[in-house]
Amino acid sequence: MIYPIVKYGQHLLEKPAEPVSEFDAELEKLVADMFETMYAANGVGLAAPQIGISKRLCVIDTSVGEDPKQKLVLVNPVILLSEGKQVQEEGCLSLPDFRANTSRPQKATVRAQDVHGEEFTLAGEGLLARAFCHEIDHLDGVLFIQHLSVLKRDSIKRKVRKLVKAGEW
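Structure below.
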């Protein structure tokens with residue numbers, strides 16, 4: 125099932141998500157639906173709050189569906205270590221059509237659980253490190269625009285307000 129993606133302006137996106145405690149068939153179905161939703165939107169990552177569900181759960185696939193081995197499920201993830209710096213253009217499925225150069229760590233190591241509740245640690249560089257940070261930010265109620273300068277962030281917020289007023293958001 126493809127879920128509608130929650131857009132910027134909805135309060136759920138600005139609240140920390142609830143930890144996942146049930147590792148069952150319902151969670152497995154939600155993960156499958158999240159991948160389907162993410163691929164339909166041509167994304168590389170999707171956090172549960174972006175589909176209106178306050179759970180500490182995200183899916184990532186930096187191959188955008190090209191390589192099944194790249195599919196990652198992070199349940200209750202935390203960043204253990206980050207190092208270096210990269211500045212790349214970043215976007216967000218909850219802020220469609222808005223992109224901006226955003227500073228993120230070059231490397232990031234996360235600890236999370238899989239869909240069955242098994243804990244694991246994984247390190248990523250480049251785009252994967254960026255995806256870890258971006259999606260875990262969502263689980264903490266933080267959007268990528270909060271990493272931008274006040275000027276750039278306010279410019280995006282103004283444009284969104286205009287779209288809302290025009291009924292296009």
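Residue numbers (the numbering used here): 125 to 293. Note that beta-carbon positions come from the ideal geometry of N, C-alpha and C, so glycine has one too.
Counting along the chain, where does the alpha helix (DSSP H) carrying residue i start and finish?
i: serine 145; result: Note, serine 145: premise wrong, no alpha helix (DSSP H); not H, not E.
i: glutamate 152; result: 149 to 164
i: leucine 196; result: Run containing leucine 196: none in the alpha helix (DSSP H); it sits in the beta strand (DSSP E), 196 to 207.
List the whole-angstrom C-beta distance separating residue i from residue j, where the pair is believed to meet the contact cut-off of C-beta under 8 Å.
i: proline 229; j: glutamate 207; result: 6 Å
i: alanine 224; j: glycine 248; result: At roughly 21 Å, the Cβ-Cβ gap does not stay under 8 Å, so alanine 224 and glycine 248 are not in contact.
i: methionine 162; j: valine 144; result: Contact doesn't hold; Cβ gap of about 18 Å is too wide.
i: valine 284; j: tyrosine 132; result: 6 Å
On the DSSP letters alone, give me the boundaries of the beta strand (DSSP E) that residue i sits inside.
i: valine 183; result: 181 to 184
i: alanine 232; result: 231 to 237
i: leucine 244; result: In the sequence on display, residue 244 carries phenylalanine and not leucine. Unbroken beta strand (DSSP E) run through phenylalanine 244: 243 to 249.
i: leucine 170; result: 169 to 171
i: serine 273; result: Unbroken run through serine 273: none, as it is neither H nor E.
i: glycine 215; result: 210 to 215
i: serine 227; result: 223 to 228
Quick check on this structure: which residue in the options has the alpha carbon closest to the alpha carbon of residue i?
i: serine 227; options: Glu190, Leu272, Ile280; result: Leu272
i: aspartate 148; options: Val168, Leu252, Asp238, Leu251; result: Asp238
i: tyrosine 209; options: Glu152, Leu246, Leu251; result: This sequence places lysine at residue 209; tyrosine is not what is there. Nearest option by C-alpha distance: Leu251.
i: isoleucine 129; options: Arg285, Val211, Arg235, His262; result: His262
i: histidine 141; options: Leu275, Arg235, Ile177; result: Strictly speaking, residue 141 in this sequence is alanine, with histidine absent from that position. Of the listed residues, the one whose Cα sits closest to alanine 141 is Ile177.
i: leucine 204; options: Val211, Lys139, Ala236, Ile175; result: Ala236
i: lysine 80; options: Lys276, Lys179, Leu275; result: This structure leaves residue 80 out entirely; the chain is present only between 125 and 293.
i: isoleucine 126; options: Gly133, Ala164, Ser145, Pro143; result: Ala164
i: histidine 135; options: Ile175, Lys276, Lys286; result: Ile175
i: serine 187; options: Leu181, Ala172, Phe159; result: Phe159
i: leucine 246; options: Gly169, Glu152, Val202; result: Val202
Using a Cβ distance threshold of 8 Å, determine whether the segment 192 to 202 contacts the segment 284 to 292, with at least three qualifying pairs required. no
Segment contact flag, the segment 265 to 284 with the segment 233 to 245, C-beta cutoff 8 Å, min 3 pairs: no
Answer yes if the segment 250 to 259 comes into contact with the segment 178 to 198, meaning at least three C-beta pairs across the two stretches below 8 Å, and no otherwise. yes
Taking three-plus beta-carbon pairs below 8 Å as touching, is the segment 182 to 193 in contact with the segment 210 to 224? no
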